[in-house]
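**Q** Sending over a structure as C-alpha cells; questions will come in a sec.
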Amino acid sequence: MKNWYLIKTKPRQEKKAKQNLQNQGFLAFCPMAKINNKLVVLFPGYLFVQLDKKTQNWSPINSTKGVSHFVKFGLNFAKTPTSVIEFIKANQQITVDKLKDLNKFKSGDKVQISDGAFKNWVGIFKCYSPDERIILLLKLLGNEQSLSFEKELVIAI
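Numbering (the numbering used here), first residue to last: 46 to 202.
Written out as C-alpha cells, the structure reads:
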C-alpha cells in the first residue's frame, strides 16, 4: 500500500531533490506557490514522497542528491495521510494569499480603525495575533494600551 512520507532536504535544495526523486521513478510533492511572480517553496527544507515500503526499494532515496534523510518518529518513518496531501495541494495558493494579508503592516506602522467603537482612532501597529487579529497600541487615558482588532477594521494611513 502506498503512503506519503516526509523527507528532509538539504538547505534550499527542495526542487533539486524533487526532480532527482522523480527521475528515479518516485512520486514527489513539494508544495509551492507564486509570490510576486516567483515560485516559492511553502515548507522550506521538506518535501513528500509517495511509495510502498513493502514493494518499492526506498534505500536509494537517502542517497539522492538534495535529500538529507527521511523524517522519523522513533524508528518509524513520518507518514502523512493522503487527505492531508490533497488538502495542501488544494489550498497551497490560498495559504500564500493569507500570508500576504498577514504581512500588510510592519511593527511601528501608523494605522487607523475604520469601524466600531474606536472608529477613526489612530494607533501604532504592534503585531499579528495567532488568531489572525491585529494588536494595536492606542493611547487611552494618557497611557498606551495594547488592544486587539479584526484585521478588516484596520487600515494604513
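Idealized CB from N, CA, C, for every residue including glycine.
If I measure Cβ to Cβ from Lys53 and keep anything under 7 Å in the same chain, skipping five residues before and after, which residues do I get?
**A** In the sequence shown, the residue the question calls residue 53 occupies position 8. Within the same chain, Lys53 has close Cβ partners Gly90, Tyr91, Ser113, His114 and Val116.
**Q** Out of Asn68, Asp176, Lys124 and Lys155, which has the shortest C-alpha to C-alpha gap to Lys47?
**A** As a working mapping, residue 47 is identified with position 2 in the sequence shown. Looking at the Cα atoms, Lys124 is the closest of the given residues.
**Q** Can you grab the Cα-Cα spacing for the pair Glu197 / Lys63, in whole Å?
**A** Looking up residue 197 in the sequence shown gives position 152. Looking up residue 63 in the sequence shown gives position 18. Whole-angstrom Cα-Cα distance: 38 Å.
**Q** Suppose you measure from the CA of Gln138 to the CA of Val85; what does that come to, to the nearest Å?
**A** Reading the sequence shown from its first residue, position 93 is the one you call residue 138. Reading the sequence shown from its first residue, position 40 is the one you call residue 85. Computed Cα separation, rounded: 11 Å.
**Q** To which residues does DSSP link Ala201 through a beta bridge?
**A** Taking the first residue of the sequence shown as position 1, residue 201 is located at position 156. Note: Ala201 sits in a beta bridge opposite Val156.
**Q** Count the other CB atoms within 10 Å of the CB of Ala73; is the residue buried (16 or more) or exposed (fewer)?
**A** Start at 1 with the first residue of the sequence shown, and residue 73 comes out as number 28. Buried is the call here.
**Q** Considering only their Cβ atoms, is the gap separating Gly111 from Lys61 smaller than 9 Å?
**A** On the sequence shown, position 16 is the one that residue 61 refers to. On the sequence shown, position 66 is the one that residue 111 refers to. Yes; because the gap between Cβ atoms is below 9 Å, this pair is in contact.
**Q** Enumerate, from N- to C-terminal direction, the unbroken alpha helix (DSSP H) stretches of 4 or more residues contained entirely within the segment 54 to 129.
**A** For the segment 54 to 129, whole alpha helix (DSSP H) runs of length 4 or above, ordered along the chain, are 59 to 68.
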